[in-house]
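*Asks:* Here the working numbering is used: the first residue of the sequence shown is 226, the next is one more, and so on. Ideal Cβ placement from N, Cα and C applies to all residues, glycine included. Being a predicted model, the structure only gives us computed values, none of them experimental.
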Amino acid sequence: MTLNLELLILLMAAITFSCRYLFFMNSLPITLGPKVQALLKYTAPSVLTAMWVPIVFFGHETIEESFITSPFLYAGILTVIASLKIKNTLAVVVIGMSSFLLLQWLI
Numbered sequence: 226m227t228l229n230l231e232l233l234i235l236l237m238a239a240i241t242f243s244c245r246y247l248f249f250m251n252s253l254p255i256t257l258g259p260k261v262q263a264l265l266k267y268t269a270p271s272v273l274t275a276m277w278v279p280i281v282f283f284g285h286e287t288i289e290e291s292f293i294t295s296p297f298l299y300a301g302i303l304t305v306i307a308s309l310k311i312k313n314t315l316a317v318v319v320i321g322m323s324s325f326l327l328l329q330w331l332i
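Below is the structure:
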């Protein structure tokens with residue numbers, strides 16, 4: 226790595242740490258309103274959706290590979306069904322990963 230890249234990584238880490246530290250330290254009196262708190266509840270699902278949508282819908286490596294035979298699609302469907310039936314997050318993650326590995330091996 227070059228010196229510029231290392232400096233850039235250190236600066237990004239410092240900026241991220243300082244932004245988060247300002248909100249978590251007790252001496253800064255910041256209170257969020259109820260509307261902002263309600264909107265922040267959608268942050269985690271939004272980030273997770275931004276991560277899984279490209280994987281499921283564009284996860285196939287080549288153009289020749291059909292979307293219908295993609296193990297990403299079927300494992301995603303099984304994971305959604307499991308998450309609706311089971312409320313244990315760890316179990317849903319294990320079911321989703323195992324179903325993907327099994328489907329990848331079968332297809």
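1. Taking contact to mean at least 3 C-beta pairs separated by less than 8 Å, is the stretch 324 to 332 in contact with the stretch 289 to 304?
2. Around the Cβ of residue 275, are there at least 16 other Cβ atoms within 10 angstroms (buried) or fewer (exposed)?
3. Taking the alpha helix (DSSP H) that residue 260 falls in, what are its first and last residues?
4. Could you tell me the alpha carbon to alpha carbon distance between residue 268 and residue 261, rounded to whole angstroms?
5. If I follow the unbroken alpha helix (DSSP H) through residue 310, where does it start and stop?
6. Need the endpoints of the alpha helix (DSSP H) that residue 249 sits in, please.
*Replies:* In short:
1. yes
2. Numbered from 1 along the sequence shown, position 50 holds the residue referred to as residue 275. Looking at its Cβ environment, which holds fewer than 16 other Cβ atoms inside 10 Å, residue 275 is exposed.
3. In the sequence shown, the residue the question calls residue 260 occupies position 35. Counting along the chain, the alpha helix (DSSP H) containing residue 260 begins and ends at 259 to 265.
4. The residue labelled residue 268 in the question sits at position 43 within the sequence shown. The residue labelled residue 261 in the question sits at position 36 within the sequence shown. Computed Cα separation, rounded: 11 Å.
5. Looking up residue 310 in the sequence shown gives position 85. Start and end: 296 to 310.
6. Taking the first residue of the sequence shown as 1, we reach residue 249 at position 24. Start and end: 228 to 249.
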